[in-house]
Structure formats: structure tokens, C-alpha cells
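Colleague: Residue numbers (the UniProt record's numbering): 1 to 348.
For glycine and all other residues, C-beta sits at the position ideal for the given N, C-alpha and C.
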Amino acid sequence: MSDWLGILWLVLLLIANAFFVGAEFAVISARRSQIEPKAEAGSKRAKTALYAMEHATLMLATAQLGITVCSLLILNVSEPAIHHLLEGPLAWTGLSAEVVNVTAFVITLLGVSYLHVVFGEMVPKNAAFSMPDQAVLLLAPPLVWVSHVLRHIISALNAIANGVLRLFKVEPKSETNSTFTLEEVASIVSHSTREGVLEDRSGALTAAFEFTTKQAKDLLVPLDRLVVLPAGATPLDVETAVVRHGFSRYLVAAASGELVGYVHIKDLVRLGENRIAEPIPAKRIREMVTLHADTELEDVLARMQARGIHLARISNGEGVELGVVFLEDVIEELVGEVHDATRRRRFL
């Protein structure tokens with residue numbers, strides 16, 4: 001092989017090494033939140049990038065294999081060519097053949113190492129870190145193609161590596177972690193607010209973080225503060241309660257005093273005037289979900305939304321009723337005060 005062909009191989013191997021390094025860091029640095037919309041819009045590159053991110057260990061194994069092979073070949077292919085090119089000029093210095101040989105080898109080693117580290121490692125790594133989303137769209141498709149071509153070799157190497165990890169009680173993962181914990185997000189928002197790059201004028205962001213730390217018992221309305229209609233209450237009783245209290249929903253109790261559900265005034269609108277003094281029909285009384293006092297507000301909201309109800313009965317560990325949580329109060333923890341549309345304003 002000619003000396004100049006060896007130099008050409010050096011350039012090609014440096015480019016290949018840079019590709020594998022860039023692809024490796026792009027796969028682990030890219031954010032799913034930026035790639036998924038493009039994939040949903042039909043981008044084939046984005047879909048391939050998501051595949052690579054979901055099979056991160058396989059992609060990293062491919063990249064590491066490529067980097068290792070390129071690194072081994074770079075010196076083996078380039079050293080003889082560069083060494084031979086340097087021997088001529090160095091011989092003109094009048095040095096002995098041994099000194100020329102050693103000097104040429106040292107210069108070649110330092111030069112190739114410099115090119116390898118800077119252009120084959122650091123440049124692509126920094127580029128992938130600087131623009132990971134663009135890099136993964138560009139580099140993931142060819143990396144996935146290489147992984148398919150070498151899938152048997154890479155799968156075997158990956159299986160051995162995972163086996164070693166399991167020996168040390170470490171469970172391997174295939175997908176990169178592109179999520180943040182609640183504490184990390186809260187820290188990011190707090191820092192961004194202090195720096196002036198994020199505004200929270202309504203307090204909704206702060207409320208959202210505090211929301212996750214509260215439980216049903218923090219928002220329950222005690223039984224002695226509830227407006228409860230007795231068993232056998234009529235639409236006329238509801239009308240009287242609306243005039244007196246101005247709420248749109250009223251709890252209904254059984255003869256034993258236990259809460260059995262609640263009635264919404266709109267459910268009574270369709271009843272004829274001839275039934276206004278009759279007991280409220282059972283089908284007009286809405287059910288309530290029963291939750292433990294220690295239930296987190298996130299779960300309270302999810303349960304109420306899933307059932308399409310506005311009130312939840314709260315009890316302690318022994319099944320004793322403590323009070324009721326209103327959907328309105330739960331939502332207020334997130335968005336601020338919410339007014340009942342039927343609630344009358346009182347002016348003093």
C-alpha cells in the first residue's frame with residue numbers, strides 16, 4: 001500500500017471514528033420530548049432516532065465496537081505510511097538510521113494521537129453535546145443500520161456485558177433516562193424564576209409542586225361544616241337550601257345519618273312541578289367515591305375525574321367518615337380560586 005493511500009485511510013478512519021463517537025453521545029443526550037413530535041409528524045429519521053434511544057445499550061455497544069476497531073486500525077494503517085514519509089526528510093539531517101527510525105515513530109505517534117483525540121473524539125463529542133437533537137436525527141439512522149448489519153456480534157457482546165452487570169446485582173437498562181424527578185423540575189423552575197427567564201405570575205407552577213405534597217385530609221370539609229339534606233328530602237328542600245346557601249350541590253344523608261351521595265340542582269330541573277314536594281328520586285342522587293384521608297391529591301383528582309363526580313367521601317383507617325372533599329377545592333390548589341356559578345355574592 002502506498003504512503004499516500006495510508007494517509008487517505010487515516011482520514012477515512014478518523015471520520016468513521018468521529019461518526020461513532022458523535023452517534024454515541026447523541027443517543028444518550030437527545031431529548032425524547034423534542035424527537036417524538038417529529039416522529040408523530042411522520043419523520044422517518046425521528047422514528048429511527050426514537051428506536052435508537054429505546055435501544056440505547058445496543059446502540060452504545062455498536063458505537064463502542066466501531067470506535068475500538070477504528071482506533072486500532074488508525075495507528076496500524078497510518079504509522080507505516082507517515083513513518084516512511086518522515087524518514088526521508090529526517091535522513092537529510094545526518095542522524096543515524098536508528099535515531100531517524102525512533103524519531104519518525106515518536107512524531108507519528110504524537111501526530112496521529114493528536115488527530116485521533118481532537119478530531120476523532122473531542123470535536124464530535126462536543127458537537128453532539130451542543131446540539132443533541134439535531135445530531136441524533138443525523139447520526140442515529142446510519143448507526144442503527146450498522147447495528148443491524150452486525151447484530152449477531154453486538155448482541156453477543158451486549159449479552160456478556162449485561163451478564164457481568166447482573167453478577168454485581170445491577171439490572172441493565174436499554175432505554176436512556178430522559179425524564180426528571182419532581183425535585184429536579186422544581187429546582188429548574190425555581191432557578192429559572194430567579195434568573196428572570198421564567199415567569200409565574202399566577203402562581204400556577206408553584207401550586208403544582210405543592211399540590212403533589214398534599215393529601216385528602218388537607219382539603220376535606222368536616223361533617224359539621226357541611227350542608228346536608230336529610231333522608232327523604234324533596235326538590236323543594238333543595239330550592240330552599242339554594243336560596244339560603246347559594247351552592248349548586250348538596251349532600252344527602254340516609255336515615256342513619258351516613259352520607260349516601262349528593263344532588264346537583266340541574267338534576268332536578270326536569271322534574272315537573274307536581275313532583276316538587278315528593279322525595280328526590282334515587283336515580284337523581286349522585287354517588288360519591290370513598291377515599292382514605294391519606295390519599296394524595298393527585299390520586300383524589302384522578303379518581304374523581306375517572307368517575308365523573310364532584311365530591312368524595314373521606315374516611316379514616318377505621319372507616320369513620322371525616323368529611324368531604326370537593327372537586328372545586330382540589331382544582332383551586334392548581335389554578336387558584338374557583339367560584340361556584342350559583343353562589344350568591346353577599347354585600348355588607
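1) Can you tell me which of the three DSSP states I331 falls into?
2) Using only the alpha-carbon positions, how far apart do L50 and E298 sit?
3) Say whether the stretch 299–313 touches the stretch 280–289, bearing in mind that this needs 3 or more beta-carbon pairs closer than 8 Å, one atom from each stretch.
4) How many angstroms separate the CA atom of S113 from the CA atom of L14?
5) Just to confirm, does E79 get its C-beta within under 8 Å of one of the non-hydrogen atoms of the ligand COA?
6) Can you tell which of K169, L268 and L137 has the C-alpha that lies nearest to the C-alpha of D237?
7) Since I believe I67 is in contact with V21 (beta carbons under 8 Å), could you give me their beta-carbon distance rounded to a whole number of angstroms?
8) With DSSP collapsed to three states, give me the class of S33.
9) Taking the straight line between their C-alpha atoms, what separation do you get for G246 and I276?
10) With a cut-off of 8 Å, do at least 3 Cβ pairs link the stretch 118–128 to the stretch 2–10?
11) Looking only at its chain, what residues have a beta carbon closer than 6 Å to the beta carbon of H84, apart from the 5 residues adjacent to it on each side?
12) Give me, in chain order, the residues of the same chain whose beta-carbon lies closer than 7 Å to that of G261; leave out the 5 immediate sequence neighbours on both sides.
13) On the criterion of 16 or more Cβ atoms from any shown chain inside 10 Å, does L182 qualify as buried, or is it exposed?
14) Where does S147 land, buried or exposed, given buried means 16+ other C-beta within 10 angstroms?
15) Could you tell me whether the Cβ atoms of T108 and V100 are closer together than 9 Å?
16) Return yes when the Cβ of L226 is within less than 9 Å of the Cβ of G319, no when it is not.
17) Grab me the residues of L327's own chain with a C-beta within less than 6 Å of its C-beta, minus the 5 sequence neighbours each way, in chain order.
18) Are the CB atoms of A30 and V123 nearer to each other than 9 Å?
19) Out of A231, A255, P222 and K38, which has the shortest C-alpha to C-alpha gap to Q134?
20) Can you tell me whether N177 is buried or exposed? The criterion is at least 16 other CB atoms within 10 Å of its CB, across all chains shown.
21) Taking 7 Å as the limit between beta carbons, can you name the residues of its chain near L143, skipping five residues before and five after?
22) Looking only at C-alpha atoms, which of V69, C70 and A104 sits nearest to P80?
23) Please classify F19 as buried or exposed, where buried requires at least 16 other C-beta atoms within 10 Å of its C-beta.
24) Three-state secondary structure (DSSP) at R275?
25) Quick check: what's the CA-CA separation for S33 versus H55?
26) Excluding five sequence neighbours on each side, which residues of the same chain lie with their C-beta closer than 8 Å to the C-beta of A87?
27) First and last residue of the alpha helix (DSSP H) that includes L301?
28) Can you list, in chain order, the residues of its chain whose CB lies under 6 Å from that of V221, leaving out five sequence neighbours each side?
29) Determine the direct distance from the alpha carbon of L223 to that of E296, and round the result to whole angstroms.
30) Looking only at C-alpha atoms, which of A302, F119 and P235 sits nearest to A282?
31) So, are the CB atoms of N17 and H116 less than 9 Å apart?
32) Give the secondary structure of A312 by DSSP, where H, G and I count as helix, E and B as strand, and everything else as coil.
Modeller: The structure says:
1) It is helical.
2) Approximately 30 Å between the Cα atoms of the pair.
3) Counting Cβ pairs under 8 Å, three or more are found: they touch.
4) Cα atoms of S113 and L14: separation of roughly 11 Å, rounded to the nearest angstrom.
5) This structure simply doesn't include the ligand COA, nor any ligand for that matter.
6) Taking only the C-alpha atoms, the option nearest D237 is L268.
7) Correct: roughly 6 Å between the Cβ atoms.
8) Secondary structure at S33: helix, using DSSP grouped into helix, strand and coil.
9) So the alpha carbons of these two residues sit roughly 19 Å apart.
10) By the C-beta criterion, the stretch 118–128 is judged not to be in contact with the stretch 2–10, since fewer than 3 inter-stretch pairs fall below 8 Å.
11) Correct list, in chain order: D3.
12) Answer for G261: V252, I285, R286, E287 and M288, listed in chain order.
13) Residue confidence for L182 is low, a pLDDT of 49 falling below 50, so the modelled location carries little weight; the figure read from the coordinates is stated next. So L182 ends up on the exposed side.
14) Of the other Cβ atoms in all chains shown, 16 or more fall within 10 Å of the Cβ of S147; this residue is therefore buried.
15) The answer is no: Cβ separation not under 9 Å.
16) Cβ distance not < 9 Å, so G319 and L226 don't count as in contact.
17) The answer, listed in chain order, is M304 and H310.
18) It is not a contact, given that the beta carbons lie outside the stated cut-off.
19) K38 is the residue among A231, A255, P222 and K38 whose C-alpha sits nearest the C-alpha of Q134.
20) Bear in mind that a pLDDT of 49 at N177, under 50, signals an unreliable position, so the model cannot answer this.
21) Closer than 7 Å at Cβ, skipping near neighbours: A23, A52, M59, T62 and A63.
22) Nearest option by C-alpha distance: A104.
23) Note on F19: 16 or more other CB atoms within 10 angstroms of its CB, so buried under the neighbour-count rule.
24) In the structure shown, R275 sits in a helix (DSSP, three-state: H, G or I).
25) When rounded, the distance between both Cα atoms is 17 Å.
26) It should be noted that the sequence gives Glu, not Ala, for residue 87. Result list for E87: V100, N101 and A104, in chain order.
27) L297 to R307 is the span of the alpha helix (DSSP H), which, as asked, contains L301.
28) Excluding residues within five positions, the ones whose Cβ falls inside 6 Å are G323 and V324.
29) E296 and L223: Cα-Cα distance of roughly 20 Å.
30) Here the closest residue by C-alpha is P235.
31) In contact: N17 and H116 (Cβ atoms closer than 9 Å).
32) Strand at A312.
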